[in-house]
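What follows is a single structure, written as structure tokens, with notes after it.
Number of protein chains: 2
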Amino acid sequence: MEDHNPTLRVIRILESLIGQPEGKTLTEIAKSCEMPKGSIFPIVHTLADHKLLRYDDLSSKYSIGIRCYEIGNEYIMQMNVSDQIRELTKKIVNQCRETAHFAVLDGSDVVYLMKQDSSEAIRMVSSIGKRIPAYSTAIGKALLSGYSDEQVHALYPEGLQKITDKTITSLDVLCGQLGEIRKTKIAYETEESSLNITCIAVPVEKNGEVVAAFSVSIPIFRAAKEKKEQVKAVLFEAKEEVETLIRTLPFHI
Amino acid sequence: MEDHNPTLRVIRILESLIGQPEGKTLTEIAKSCEMPKGSIFPIVHTLADHKLLRYDDLSSKYSIGIRCYEIGNEYIMQMNVSDQIRELTKKIVNQCRETAHFAVLDGSDVVYLMKQDSSEAIRMVSSIGKRIPAYSTAIGKALLSGYSDEQVHALYPEGLQKITDKTITSLDVLCGQLGEIRKTKIAYETEESSLNITCIAVPVEKNGEVVAAFSVSIPIFRAAKEKKEQVKAVLFEAKEEVETLIRTLPFHI
DNA sequence: AAACATTGTTCGTATATAAGAACGAATGCG
DNA sequence: CGCATTCGTTCTTATATACGAACAATGTTT
């Protein structure tokens, strides 16, 4: 480790524990962060003392602590409309009987801020706080539609990776779809991010800029034409409502 | 600032931004953390670079960033039963038509992990991730019932502060109620934390230890006797279900 | 039982950070 | 228009941290 930025160390330690529900031992953290364990020892201790990390005696593993949860929730609270948006997401679910998401774009990834499951038997397995490549989902495409074709190209210098057989891998095809979305204000996706799931999404705009998006995910066997039309109508209504809501209020990503 | 622990600095900076939806300028952060702004400048920069902080050009204020949200959600994900618990919370709301919470205890405070609003007109204004003194709420008392009277006394060396006119301020009265809760496994509270709200809660136990709690909050004008009885029954059912759920699985705070 | 592989922990010194004043750049105000 | 008050930024040196090997303490394997 050549970089001696102690703040960066803290960040790398915390990030190394994302997607690790079991946690990691001090030695494992040291290895994955490429830092000597003697160096991270006091850092990990301080973090654990303040509950940003949690230490499990049995497994002797560290994982993300409750204080991170509290701090992270502050992000949502900053959107002073978070409760209303949650209600709107819930309303979408009630009307469509399918899982709905509210998400924003961070770089080239979609970050889900809210998720409401449908009460139908088959549920999506997505989770809030998760991050996935934008180009592979309807909600991501809705968000990307706020960017110009050049900006989209710049976001994916390595091109588009296949996630399922139906994932779009051509930037030109993607930009073609984004052009449509800019006009129609609705985005579609079929099995491009997970099999047997189709997704419909609308961009949420403020002052002409795309700041967020709503989506509904449907198992394809339930995605008949009239169902899709109904979902589309519900999403357009939600779009209107949330845009009215945030028109005057500050709303940031 | 005498303490030169750089990790602690990061923590203090992040924590100083909790409950500050508007954010703070670099100077304000420096003042509230009692650190020279020249010192925290590189720290804040690194945090912002990695989106743990967010900088607003217009107000030139820093606030909690999206990456904190992602990291914090990892805490919930670690409870591999989080989705089922969310469903259970939702079920409580559907059956009671009132706001339900799921929370754990951290020190002497309640930390809400999940919240589901009722669709009724008047809603609670609580928020997930928030932290409030345990003794003032039904859910807090349910959680405290896992402690002995001595432990409870130790938790509040300064005694109990008044939040509303009806807040319990005597540790002995509190411990008396906790004794009841240990026997009956149900906790009540009326306007002790917020006016016009009454609350009913059940502790969630694993191996005889209280690890979490469910609660339902009701505006007092809707809290008739038969309503309370119904809520009590729903909560007992939820308690049974979640205890079965976590019996075999690892479940930690 | 002994060797091994874990875990976390300590320590001296090279090296990077922290303090705090002083700087420049905006903005607000009289 | 200029004084005053923000904002962020830079700089030098005292001072604290990071390295990384060697440490103890468990638990696992042979």
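Protein chains in written order, with the numbering used here: chain H, 1 to 253; chain V, 254 to 506. All C-beta atoms, glycine included, are put in the ideal place defined by N, C-alpha and C.
Practice prompt. Could you check how far apart the C-beta atoms of Ile64 of chain H and Ile324 of chain V are, in whole angstroms? I think they sit under 8 Å.
Written response: Working through the first sequence from its first residue, we reach residue 64 of chain H at position 64. Working through the second sequence from its first residue, we reach residue 324 of chain V at position 71. Confirmed, about 6 Å.
Worksheet item: Under 7 Å, do Ala213 of chain H and Ile139 of chain H count as touching if we go by C-beta distance?
Response: Taking the first sequence and counting its residues from 1, one reaches residue 213 of chain H at position 213. Taking the first sequence and counting its residues from 1, one reaches residue 139 of chain H at position 139. If you check the CB distance, Ala213 of chain H and Ile139 of chain H come in under 7 Å.
Worksheet entry | His505 of chain V versus H:Ile218, H:Thr25, H:Tyr112, H:Lys61, residue with shortest Cα-Cα distance | As a first step, residue 505 of chain V is located in the second sequence; it is residue number 252 there, counting from the start. Among H:Ile218, H:Thr25, H:Tyr112, H:Lys61, the Cα nearest to that of His505 of chain V belongs to H:Lys61.
Worksheet item: At which residue ranges does the segment 390-416 of chain V contain complete alpha helix (DSSP H) runs of 4 or more residues, listed in the order of the chain?
Response: 391-397, 402-408
Worksheet entry | Backbone CA spacing between Lys480 of chain V and Pro289 of chain V [nearest angstrom] | What you label residue 480 of chain V is simply residue 227 of the second sequence in a count that begins at 1. What you label residue 289 of chain V is simply residue 36 of the second sequence in a count that begins at 1. Rounded to the nearest angstrom, the two C-alpha atoms are 56 Å apart.
Item to complete: Measuring only between beta-carbons, confirm whether His101 of chain H sits less than 7 Å from chain V.
Response: In the first sequence, residue 101 of chain H corresponds to position 101, counting from 1. Answer no: the Cβ-Cβ gap between His101 of chain H and chain V never drops below 7 Å.
Worksheet item: From which residue to which residue does the beta strand (DSSP E) around Asp359 of chain V run?
Response: As a first step, residue 359 of chain V is located in the second sequence; it is residue number 106 there, counting from the start. Note, Asp359 of chain V: beta strand (DSSP E), 352-359.
Worksheet item: At a CB-CB cut-off below 9 Å, which residues of chain V make contact with Gln78 of chain H?
Response: As a first step, residue 78 of chain H is located in the first sequence; it is residue number 78 there, counting from the start. Within chain V, the residues near Gln78 of chain H are Gln273, Pro274, Glu275, Gly276, Arg307, Ser316, Ile317.
Worksheet item: Mapping DSSP to helix, strand and coil, what is Met114 of chain H?
Response: Mapped onto the first sequence, residue 114 of chain H falls at position 114. Residue state, collapsed to three classes: strand.
Discussion item. Please report the distance separating the alpha-carbon of Ser285 of chain V from that of Pro456 of chain V.
Written reply: Locating residue 285 of chain V in the second sequence gives position 32, where the first residue counts as 1. Locating residue 456 of chain V in the second sequence gives position 203, where the first residue counts as 1. The straight-line gap from Cα to Cα measures roughly 37 Å.
Practice prompt. Could you tell me which residues DSSP pairs with Gly442 of chain V in its beta bridges?
Written response: The count along the second sequence starts at 1 and reaches residue 442 of chain V at position 189. The amino acid occupying residue 442 of chain V in the given sequence is Glu; Gly does not appear at that position. For Glu442 of chain V, which the question treats as bridged, DSSP gives the partners V:Cys452.
Fill in: Whole-Å CB distance - Asp310 of chain V paired with Gly276 of chain V, under 8 Å assumed
Mapped onto the second sequence, residue 310 of chain V falls at position 57. Mapped onto the second sequence, residue 276 of chain V falls at position 23. About 12 Å; that fails the 8 Å criterion.
Worksheet item: If contact means a Cβ-Cβ distance below 8 Å, which residues of the segment 131-159 of chain H contact chain V?
Response: Arg131
Worksheet item: What residue from V:Leu431, V:Gly429, V:Gln430, V:Gly412 has the CA that sits closest to Thr422 of chain V's CA?
Response: Working through the second sequence from its first residue, we reach residue 422 of chain V at position 169. Here the closest residue by C-alpha is V:Gly412.
Discussion item. For Leu498 of chain V, would you say it is in contact with chain H, using Cβ-to-Cβ distances shorter than 7 Å as the test?
Written reply: Along the second sequence, read from residue 1 onward, the residue named residue 498 of chain V stands at position 245. Not closer than 7 Å to any Cβ of chain H, the Cβ of Leu498 of chain V fails to qualify, so no.
Worksheet item: Can you list the residues of chain V that Cys33 of chain H reaches, using a CB-CB cut of under 9 Å?
Response: As a working mapping, residue 33 of chain H is identified with position 33 in the first sequence. What Cys33 of chain H touches in chain V: nothing, since even the nearest Cβ is about 14 Å away.
Item to complete: Verify the CB distance criterion: does Thr260 of chain V have a CB-CB separation below 7 Å to chain H?
Response: If you number the second sequence from 1, residue 260 of chain V lands on position 7. Judged by the 7 Å Cβ criterion, Thr260 of chain V is in contact with chain H.
Item to complete: Return the CA-CA distance between Met377 of chain V and Thr278 of chain V, expressed in angstroms with no decimal places.
Response: In the second sequence, the residue the question calls residue 377 of chain V occupies position 124. In the second sequence, the residue the question calls residue 278 of chain V occupies position 25. Only weak support exists for where Met377 of chain V lies, its pLDDT of 43 falling under 50; the coordinates are left without a value.
Worksheet item: Is Pro274 of chain V helix, strand or coil when you go by DSSP?
Response: The sequence position of residue 274 of chain V within the second sequence is 21, counting from 1. Coil at Pro274 of chain V, not helix or strand.
Worksheet item: According to DSSP, which residues form a beta bridge with Asp330 of chain H?
Response: Lying outside 1 to 253, the shown extent of chain H, residue 330 of chain H is not represented and no answer is given.
Practice prompt. Measure from the C-beta of His50 of chain H to each C-beta in chain V and report whether the shortest distance is under 7 Å.
Written response: Working through the first sequence from its first residue, we reach residue 50 of chain H at position 50. It does; some Cβ of chain V falls within 7 Å.
Worksheet item: Going by other Cβ atoms of all chains shown within 10 Å of its Cβ, with 16 needed for buried, is Ala154 of chain H buried or exposed?
Response: Stepping through the first sequence from its first residue, residue 154 of chain H is reached at position 154. Exposed is the call here.
Discussion item. Relative to the C-alpha of Ile345 of chain V, which candidate in V:Val463, V:Arg500, V:Lys492 has its C-alpha closest?
Written reply: Within the second sequence, the letter at position 92 stands for residue 345 of chain V. It is V:Lys492 whose Cα lies nearest to the Cα of Ile345 of chain V.
Worksheet item: Who are the near neighbours of Thr7 of chain H in its chain, counting only those whose CB is closer than 7 Å to its CB and skipping five residues on each side?
Response: Locating residue 7 of chain H in the first sequence gives position 7, counting from the first residue. Taken in chain order, the list of residues that qualify is empty.
Worksheet entry | Supposed close pair Cys349 of chain V, Val495 of chain V - CB separation, criterion 8 Å | For this step, residue 349 of chain V is matched to residue 96 along the second sequence. For this step, residue 495 of chain V is matched to residue 242 along the second sequence. No, Cys349 of chain V and Val495 of chain V are not in contact; Cβ-Cβ is about 16 Å, not under 8 Å.
Worksheet item: Any Cβ of chain H within less than 7 Å of the Cβ of Thr501 of chain V?
Response: Here residue 501 of chain V refers to the residue found at position 248 of the second sequence. Taking Cβ atoms only, chain H never reaches closer than 7 Å to Thr501 of chain V, which makes this a no.
Discussion item. Taking CB distances under 7 Å as the criterion, tell me whether Ile197 of chain H reaches chain V.
Written reply: Counting from one through the first sequence, the residue named residue 197 of chain H turns up at place 197. Chain V contact via Cβ: absent.
Discussion item. Assuming Ile439 of chain V and Lys485 of chain V are in contact, meaning their beta carbons sit under 8 Å apart, how far apart are those beta carbons, in whole angstroms?
Written reply: As a working mapping, residue 439 of chain V is identified with position 186 in the second sequence. As a working mapping, residue 485 of chain V is identified with position 232 in the second sequence. Indeed, because the Cβ distance is near 6 Å, the residues count as touching under 8 Å.
Fill in: CB-CB length for His303 of chain V against Ile76 of chain H, believed under 8 Å
For the purposes of this step, residue 303 of chain V is taken as residue 50 along the second sequence, with counting starting at 1. For the purposes of this step, residue 76 of chain H is taken as residue 76 along the first sequence, with counting starting at 1. That pair is no contact at about 19 Å.
Worksheet entry | Bridge partner(s) assigned by DSSP for Lys459 of chain V | Translated into the one-based positions of the second sequence, residue 459 of chain V becomes position 206. DSSP lists V:Glu462 as partners of Lys459 of chain V.
Worksheet item: What whole-angstrom Cβ distance do Ala356 of chain V and Gln369 of chain V have, given they're in contact under 8 Å?
Response: For the purposes of this step, residue 356 of chain V is identified with residue 103 of the second sequence, where counting begins at 1. For the purposes of this step, residue 369 of chain V is identified with residue 116 of the second sequence, where counting begins at 1. With a beta-carbon spacing of about 12 Å, Ala356 of chain V and Gln369 of chain V fall beyond the 8 Å limit used to define contacts.
Worksheet entry | Between the CA atoms of Ala395 of chain V and Gln483 of chain V - distance to the nearest angstrom | Here residue 483 of chain V is taken as the residue at index 230 of the second sequence, counted from 1. Here residue 395 of chain V is taken as the residue at index 142 of the second sequence, counted from 1. Between Gln483 of chain V and Ala395 of chain V, the C-alpha separation is close to 18 Å.
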